[in-house]
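Peer 1: Got a structure for you, written out below as structure tokens; questions coming shortly.
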Amino acid sequence: MKEKLFDIASKTPLNKNFEIIEITESRGNSYCIYIESLEGITIDDCALMSRFVFEQLSEEINIELTVSSAGIDKPLRAPIQFIKNIGHKVEIKTTDGKKIIGTLKSYTPEQTVIELEGKKNTTKELILENNLIKQVKVKLF
Numbered sequence: 711m712k713e714k715l716f717d718i719a720s721k722t723p724l725n726k727n728f729e730i731i732e733i734t735e736s737r738g739n740s741y742c743i744y745i746e747s748l749e750g751i752t753i754d755d756c757a758l759m760s761r762f763v764f765e766q767l768s769e770e771i772n773i774e775l776t777v778s779s780a781g782i783d784k785p786l787r788a789p790i791q792f793i794k795n796i797g798h799k800v801e802i803k804t805t806d807g808k809k810i811i812g813t814l815k816s817y818t819p820e821q822t823v824i825e826l827e828g829k830k831n832t833t834k835e836l837i838l839e840n841n842l843i844k845q846v847k848v849k850l851f
């Protein structure tokens, strides 16, 4: 069902470029499609996608569906989320258990560059290979 939802949702005629970040399934037939766009996702975008998906499904398929933006409190997963958050403070957890807080400077599929604040108003860049990163979250406060 997730693949079917992905195929249908990816064809939704939103007036912006968007990416499907994740489709989750919970108890029974309850699904949530998380989407993101560089221009942001509105409630109207979510409602449009939800209606579009339901219109494409056959009537005998009985599911509960939620469409949501990826959410600022969730870990960054897709390249579009990293690109959208360049310039924001992030908290990175590495595979060896370290926690790093800095400003996201750039992102490629291979590496993430963070600017760290040093002493006496100095900064330095830290380049992390993405395979050494366990999780990245936008730091809200």
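One gets the numbering used here by counting positions in the sequence shown from 1 and adding 710 to each. Note that CB positions come from ideal geometry on N, CA and C, so glycine has one too.
With H, G and I counted as helix, E and B as strand and the rest as coil, what does DSSP make of residue 784?
Peer 2: Of the three classes helix, strand and coil, the one that applies to residue 784 here is coil, per DSSP.
Peer 1: Work out the CA separation of residue 801 and residue 784 for me, nearest whole Å.
Peer 2: 12 Å
Peer 1: Could you check whether the Cβ of residue 801 sits closer than 8 Å to any Cβ belonging to chain C?
Peer 2: Here there is only one protein chain, and chain C is not present.
Peer 1: Roughly how many angstroms separate the alpha carbons of residue 781 and residue 769, rounded to a whole number?
Peer 2: 30 Å
Peer 1: May I ask you to report which of helix, strand or coil DSSP gives residue 794?
Peer 2: The answer is helix: DSSP assigns residue 794 an H, G or I state.
Peer 1: Exposed or buried, which one is residue 711 when buried takes at least 16 other CB atoms within 10 Å?
Peer 2: exposed
Peer 1: Quick check on residue 715: buried or exposed, where buried means 16 or more other Cβ atoms within 10 Å of its Cβ?
Peer 2: Under this definition residue 715 is a buried residue.
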